[in-house]
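Residue numbers (the numbering used here), protein chains in the order written: chain A, -16 to 492; chain B, -16 to 492.
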């Protein structure tokens, strides 16, 4: 952290009275919780191999089909379906690294996904935005920037998505440039490129490189961005996404392949079938990344949840979603791949339902050893809305989880036998030297929870957590300042965006 | 379930539109999550043995001291402190069973605590009660009965505490009789006896026996009640509780020994010290149960949390609380004892904070393999208030957890390969025969969550989960009917309560 950043952080804490944990790598010391027996993992693996061998994946990009054919896959050009022998899949995915590090313009905010590490990301993708002051509205650039500012304000939000909301008033053709621009100006975090076609991926790579003051070629050795490739389940990889994927992998950037497998809609209604299909689709995409460039960084993404069978609408944070999250972790580890899950919920409001659904998602992700909790903060309404209050609630929950994952010290001083000996039966430890030496740092202090007694809390207006969350984001935005960027980089960035807008508007693409 | 009960249950579901899971045993298929390395468990065990050997426990009952002395403990009659060799502790606790079954008047509602089983109990102990319609008020008998009725209405609440609230308008001397009476009239669940002195424990045992139509002696072979013995940490077991404990164990009823170990207040501020002290205190109490009657049922209780060091007030559902819950499970399993934890929170309101704190408690309990989640539903405000809305929210969360704990089927039909083959890439599975055969039972259906889309939800009044919880308990109480009890048992019960009230009022004890 630079000195000016440190001063700013100090000021944020003081003015906004937000006590938060320092930026830090979050490690997960627990062995993963396994919901499948080893033979069940084998059975799902086997079923997914049969899907790849017997049914295949429709790959709508001719370039991707050619590449896969050259590696040994069978291609039916009439149907554009590609089938893979299991030996070919194993051979291709073998080169995928088991850990990915993304370095943004602030190298202190590099994130590593793999092993016992877990990274928390901002919500990505909603068309709408909501807060309790202004209500629900379409995505727009002002809110886009405020959501980024909020993410930057929380040390526990390690990464941002490309679009925490879609700023729909911006021209669709060049919107990605404005978004990438804002990502690197309003935050110093790694971000997510929209890989719909080669251009949008490449622009994201270039903008991250410019913000770091390095070249595309240097980025290849030190990736800074990721993308999510959503397989169009069942069994279809469309052309723009395949081309985005190939671009990212060619340039050594991270690709997270995430089949969107809603049980009962995009997969059969049973969990085993959904997992088998998810696994087939994810491994096909991962194989493509390695066909493009062996060793390019890639993440096994899982997004298996269910629908409400009365309406067909997707639901998240359900028991089935939690089980799928645990199971998918077992599959990802089988292939030694970093694993991505989500902090998703169904609730229309940032209320008790949103919280219990999100906690199901968070706990299942942590217990299942997710390495990237995508949509970690701010997701609401099945992903249709980014919520300011939900960002605050999620940040509080994620801090508590991070704290829960720190190990228990059992050295002699921590065991405190002499302190216990010094207090008579029925006494107390408030004034004990052992307590006095440690109490300021002994326990986690939340920023959203109200721990005052009922009387004091009621006298102060009985403000519930939902309304306190509003106060927190307001206070944080009040004191937010964009992280400083060297002037030459900023100028290069602006020039790049202007040039690319011109090219795209002229159709030079 | 009797036919009339089944009819009633059907009616409840229909009228109140509460779809709930059937009554069932909840098993936990996961291996326990371990926050301590094996050598750390050993170190905490060793420290707790040093506490018992070198510092001891103040035992304020002369009868308990005599008994412990007769078994080999050292007693200092001047200080009333009892010290135990570790070999003696090991020898005494060896006879404790690893599993406890409590049978209430409805034998279908027997609960087993031990192994992979987990039982969810109603909140116990608050002086106050709250709901969003009537606000916060002192405990009283009307609400006492309504809380019991609500517990009885939820299949996921397996057990009730003695006093979900204290009905403070009732005479303190005979209040326990009214409470036990209501416990067996308004529910058919196992309950908790207040073991403050021999009489109150014995009255609870007698009332459970009367409700079952059996004798005290038969109860000895088939326990139906438990008690919680709260050690007055640090290191003090007071006289009435020691006598209550001895009564329960003499009569073969279950004792759950739970040190109330708030770090920074009743224990040193460090987690290791709190766990060592908790372990020493719990094992001393457990040893006493086995000294009374080898083989009598007993549960290892843990309630280690922290205080807010700014105010000294207890806090629950914290990261430290969650870690302690995971660690205490490791200790309980070391001694092959059933393990009790709590669903506790600090929040003053049944809001987002209450939910994220409770989810921390619930998930840590489940991952730590608790066998009894005490205060499973309804706890608010650090235990000072029982909340109607919180009961509903907790019941929803507990159902979701129970559903999450069911195994994933991976048989051929569940794997659904033919269904996947039948749907073309980019298609959907809504109308697939595989879906149609299964969709009604495929997924868990919540009763509190609102899964409608935003527009429909907003048009219907944008009712948030907190307010929907009010609607749920109102609907349930509307259709509640006490579970039928044979007339002769009811008469015997009323006669017993009348006789005992007379004896107690006359001071005949």
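The beta-carbon is built from N, C-alpha and C at its ideal position, and this holds for glycine as well.
Since this is a predicted model, take the numbers as computed values, not measurements.
**Prompt:** Can you tell which of 353(B), 172(B) and 436(B) has the C-alpha that lies nearest to the C-alpha of residue 98(B)?
**Reply:** 353(B)
**Request:** Taking only beta-carbon positions, decide if residue 322(B) is within less than 8 Å of chain A.
**Result:** no
**Prompt:** Would you say residue 366(A) and residue 326(A) are within 8 Å of each other, going by their C-beta atoms?
**Reply:** no
**Request:** Whole angstroms is fine: what's the gap from residue 116(A)'s alpha carbon to residue 429(A)'s?
**Result:** 23 Å
**Request:** Compare the C-beta of residue 417(A) with all C-beta atoms of chain B and state if any pair is closer than 8 Å.
**Result:** yes
**Residue-level contact to chain A via CB, residue -4(B), 8 Å cutoff** = Note that residue -4(B) has pLDDT 43, beneath the 50 cutoff, so the model's placement of it is unreliable and the number below is only indicative. No, no contact with chain A.
**Prompt:** Does residue 430(B) have its Cβ less than 8 Å from a Cβ in chain A?
**Reply:** no
**Request:** Indicate whether residue 511(B) and residue 93(B) have their beta-carbon atoms separated by less than 8 Å.
**Result:** What is shown of chain B runs -16 to 492, which leaves residue 511(B) out entirely.
**Length of the line joining the Cα atoms of residue 387(A) and residue 424(A)** = 15 Å
**Asked** Using 8 Å as the limit for Cβ to Cβ distance, is residue 421(B) near chain A?
**Response** yes
**Distance, residue 372(A) Cα to residue 59(B) Cα** = 58 Å
**Request:** Work out the CA separation of residue 344(B) and residue 306(B) for me, nearest whole Å.
**Result:** 10 Å
**Selected residue, minimal CA-CA separation from residue 56(B), among 466(B), 270(B) and 399(B)** = 270(B)
**Request:** For the beta strand (DSSP E) containing residue 166(B), list its first residue and its last residue.
**Result:** Segment 158 to 169 is the alpha helix (DSSP H) holding residue 166(B); no beta strand (DSSP E) there.
**Asked** Do you know offhand how far residue 74(A)'s Cα is from residue 54(A)'s?
**Response** 10 Å
**Asked** Along chain B, in chain order, which residues have C-beta atoms closer than 9 Å to that of residue 353(A)?
**Response** Ordered by position in chain B, no residue passes the 9 Å Cβ test against residue 353(A), which lies about 15 Å from the chain.
**Prompt:** If we count the other Cβ atoms within 10 Å of its Cβ and call it buried at 16 or more, is residue 111(B) buried or exposed?
**Reply:** buried
**Contacts around residue 186(A), its chain only, beta-carbon distance under 7 Å, and the 5 residues preceding and following it disregarded** = 159, 160, 163 and 483
**Request:** With a threshold of 16 other CB atoms inside 10 Å of the CB of residue 2(A), please say whether the residue is buried or exposed.
**Result:** exposed
**Message:** Can you tell me where the beta strand (DSSP E) holding residue 439(B) begins and where it ends?
**Reply:** Taken as a continuous stretch (DSSP letters only), residue 439(B) belongs to no beta strand (DSSP E), being part of the alpha helix (DSSP H) at 437 to 442.
**Item:** Distance cut-off 7 Å: residue 30(A) Cβ against heavy atoms of the ligand SAH
**Value:** Annotation note on the ligand SAH: not contained in the displayed structure, which lists no ligands.
**Prompt:** For residue 377(B) versus residue 449(B), is the C-beta distance shorter than 8 Å?
**Reply:** no
**Request:** Given a cut-off of 8 Å, decide if residue 190(B) and residue 479(B) are closer than it, judged by their beta-carbon atoms.
**Result:** yes
**Prompt:** Should residue 44(A) be labelled buried (16 or more other beta-carbon atoms within 10 Å of its own) or exposed?
**Reply:** buried
**Asked** Which residues share a DSSP beta bridge with residue 82(A)?
**Response** 97(A)
**Asked** Can you list, in chain order, the residues of its chain whose CB lies under 7 Å from that of residue 78(A), leaving out five sequence neighbours each side?
**Response** 273, 277 and 278
**Asked** In this structure, does DSSP put residue 356(A) in helix, strand or coil?
**Response** strand
**Request:** Give a yes or no on contact between the segment 311 to 324 of chain A and the segment 18 to 33 of chain A, applying the rule of three or more CB pairs nearer than 8 Å.
**Result:** yes
**Item:** Reduced DSSP secondary structure (H/G/I, E/B, other) of residue 234(A)
**Value:** coil
**Prompt:** Among 100(A), 96(A) and 167(A), which one has its Cα closest to the Cα of residue 128(A)?
**Reply:** 167(A)
**Message:** I want to see whether chain B comes within less than 8 Å of residue 406(A), judged by CB atoms only; does it?
**Reply:** yes
**Asked** Taking DSSP as the reference, what is the three-state secondary structure of residue 489(A)?
**Response** coil
**Item:** is_contact[residue 188(A), chain B] using C-beta, thresh 8 Å
**Value:** no
**Prompt:** Within the 8 Å Cβ cut-off, does residue 73(B) reach chain A?
**Reply:** no
**Distance CB(residue 39(B))-CB(residue 66(B)) smaller than 8 Å** = yes
**Request:** Using only alpha-carbon positions, find the residue among 96(A), 486(A), 199(A) and 393(A) that is nearest to residue 22(B).
**Result:** 393(A)
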